[in-house]
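For reference, the structure discussed in these notes is given below.
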DNA sequence: TCACCGCTTTGACATGGATCAAGGCGGTGC
DNA sequence: GCACCGCCTTGATCCATGTCAAAGCGGTGA
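Residue numbers (UniProt numbering), protein chains in the order written: chain A, 1 to 209; chain B, 1 to 209.
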């Protein structure tokens with residue numbers, strides 16, 4: 001999302017930062033002093049309730065911004081899914097940058113737009129779709145992520161991750177995937193690898209009829 | 001959100017537009033050629049499924065932007081809740097404006113940030129909260145909207161609106177409100193007017209314990 | 001005044017998904 | 001090879017919310 005040329009200029013205003021796998025490096029509610037760009041690895045973005053209920057609101061990977069959804073404090077928590085590398089900008093540094101490189105604001109804006117579109121789709125999914133529809137939507141989302149539109153998809157997360165992403169329990173995820181397999185819409189080749197056997201049917205299901 | 005001074009400069013690049021109450025003036029999936037600023041009235045922003053399931057993703061009122069969450073096509077539909085006045089900008093006009101008044105991009109960015117924070121809260125609500133928690137969150141949101149923090153709140157929408165906003169049915173909304181009344185957390189003074197009797201308890205409930 | 005209409009409430013019942021509780025299964029270390 | 005451990009699956013049951021149906025109830029117009 002950021003081209004390498006800008007990247008090096010940006011680097012003057014930023015600190016490189018490595019994060020261990022599994023570390024929660026942004027805590028919801030803390031002062032949002034920093035802004036990040038992911039340079040390698042994957043990040044899980046989520047919100048927690050006091051009793052432990054978790055909603056994953058998205059993921060970020062290399063090139064993605066982290067911290068757009070922030071006022072005075074962070075509105076989310078973020079955890080490294082594996083070893084992670086980041087560029088960190090202070091908010092004030094970022095503001096200087098925006099003045100110096102107006103293009104940056106465009107890029108931020110584009111990313112924010114994309115995230116907002118994504119967020120609205122997820123609100124529809126979480127508020128109105130059934131478990132089957134959620135799983136179908138999820139599988140197709142993974143499918144579309146692949147540049148070659150592979151019908152064999154490798155799930156980038158565990159059942160717990162899927163459940164927290166879709167607003168379900170792990171049991172429902174497991175049962176629903178098996179139901180889709182019984183109906184020959186998918187084949188579960190390995191625990192984290194699924195083959196999409198009937199794309200049109202999955203698409204119809206995902207959009208709800 | 002836009003100051004009157006800028007407003008008049010912006011006006012050169014925009015067309016004023018009046019919309020009748022109830023009219024759906026943005027259809028999800030149509031080419032996102034325009035961008036809007038609400039100048040008076042209220043807008044309901046929502047997504048629909050083919051069988052009629054509806055998820056309201058937000059509302060916009062005077063001063064708010066409409067169209068941030070758009071790629072090539074609109075990712076949502078928008079309906080006038082009452083008589084409505086808008087400024088319409090063509091996308092290309094907006095891009096010219098951005099160059100001419102860099103401040104605009106800042107404002108857009110701020111609004112986008114706010115919307116993203118809001119969206120993440122709603123994903124948690126829709127994915128993980130119970131009906132009671134959703135209603136408590138909703139009532140407090142209305143409460144916070146009032147500049148004077150009135151504990152008597154006037155619901156700006158019907159039961160159907162609340163249900164579609166919270167991902168519930170109208171029956172559940174009705175029953176849950178009555179349950180909260182029985183427990184003396186609220187008093188339903190009129191159908192669309194509710195008094196918050198126990199703010200701390202509502203806040204605890206809304207955040208889930 | 002009364003009938004009608006849309007919205008809301010209430011009741012009875014159905015059900016999708018959650019919860020609780022065993023197993024199964026694959027990977028790792030001894 | 002075997003025991004352990006984390007994750008996943010499967011089964012039994014429960015329950016919050018949805019669905020279906022029937023009254024209220026307030027506003028409007030004849």
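Glycine included, C-beta positions come from ideal geometry on N, C-alpha and C.
Membership of residue 16(A) in the beta strand (DSSP E) is indicated by the continuous run 15-19.
For the stretch 20-51 of chain A, the set of positions with a beta-carbon nearer than 7 angstroms to some beta-carbon of chain B reads 47, 49, 50, 51 in chain order.
Interface flag for residue 102(B) against chain A is set, since a Cβ pair is found closer than 8 angstroms.
Apart from the 5 residues on each side of it in sequence, residue 132(A) sits with its Cβ closer than 8 angstroms to the Cβ of 176, 179, 180, 205 in its chain, given in chain order. For residue 114(B), the closest C-alpha among the options 103(A), 81(A), 76(A) is that of 76(A). For residue 204(A), the uninterrupted alpha helix (DSSP H) segment begins and ends at 199-207. Any Cβ of chain A closer than 8 angstroms to the Cβ of residue 76(B) would place that residue at the interface, and such an atom is present.
Its chain contains 73, 74 as the residues whose beta carbon lies nearer than 8 angstroms to that of residue 30(B), once the 5 sequence neighbours on both sides are disregarded; these appear in chain order. Take residue 40(B), set aside five residues on each side of it, and the residues of its chain with a beta-carbon closer than 6 angstroms to its own are 62, 85, in chain order. Annotated three-state conformation of residue 191(B) is coil, per DSSP. Listed in chain order, the positions of the stretch 65-91 of chain B with a beta carbon within less than 7 angstroms of a beta carbon of chain A are 68, 69, 70, 71, 75, 76. It is roughly 11 angstroms from the alpha-carbon of residue 142(A) to the alpha-carbon of residue 195(A).
Scanning 89(A), 117(A), 174(A), 118(A) for the CA closest to the CA of residue 33(A) turns up 89(A).
Within chain B, no C-beta atom comes nearer than 9 angstroms to that of residue 157(A); the closest sits roughly 16 angstroms away. When 7 angstroms is used as the limit between beta carbons, residue 57(A) is near these residues of chain B: 120, 123, in chain order. Membership of residue 154(A) in the beta strand (DSSP E) is indicated by the continuous run 152-154. The DSSP-derived three-state label of residue 137(B) is helix.
Bounds of the beta strand (DSSP E) holding residue 80(A) are 77-80. Distances from the CA of residue 70(A) to each of 124(A), 174(A), 112(A), 138(A) were compared; the closest alpha carbon is that of 112(A).
Taking a beta-carbon distance threshold of 8 angstroms, residue 113(A) counts as an interface residue toward chain B. Taking C-beta atoms as the reference points, residue 126(B) and residue 123(A) count as a pair closer than 8 angstroms.
Residue-level contact by beta carbon fails for residue 149(A) and chain B, as no gap is shorter than 8 angstroms.
Interface flag for residue 171(B) against chain A is unset, since no Cβ pair is found closer than 8 angstroms. Here the C-alpha atom of residue 158(B) lies approximately 37 angstroms from the C-alpha atom of residue 93(B).
Look at residue 51(B) here: in three-state DSSP terms it is coil, with no helix or strand label.
With 16 or more other Cβ atoms from the protein chains shown falling within 10 Å of its own Cβ, residue 14(B) counts as buried.
When beta bridges are read from the DSSP output, residue 42(B) appears opposite 61(B). Counting other Cβ atoms within 10 Å of its Cβ, residue 152(A) stays below 16 and is therefore classed as exposed. Beta-bridge annotation (DSSP): residue 56(A) is paired with 46(A). Between residue 60(A) and residue 45(A), the CB-CB gap stays under 8 angstroms. Neighbours of residue 105(B) in chain A, taken as residues at a C-beta separation under 8 angstroms, are given in chain order as 102, 105, 106, 109. When 8 angstroms is used as the limit between beta carbons, residue 116(A) is near these residues of chain B: 68, 69, 75, 112, 115, 116, 119, in chain order.
At the C-beta level, residue 56(A) and residue 161(A) come within 8 angstroms of one another.
When the five nearest sequence neighbours on each side are left out, the beta carbons in the same chain lying within less than 8 angstroms of the beta carbon of residue 138(A) are those of 162, 165, 166, in order along the chain. For residue 145(A), no CB of chain B lies under 8 angstroms from its own CB, so it is not counted at the interface with that chain.
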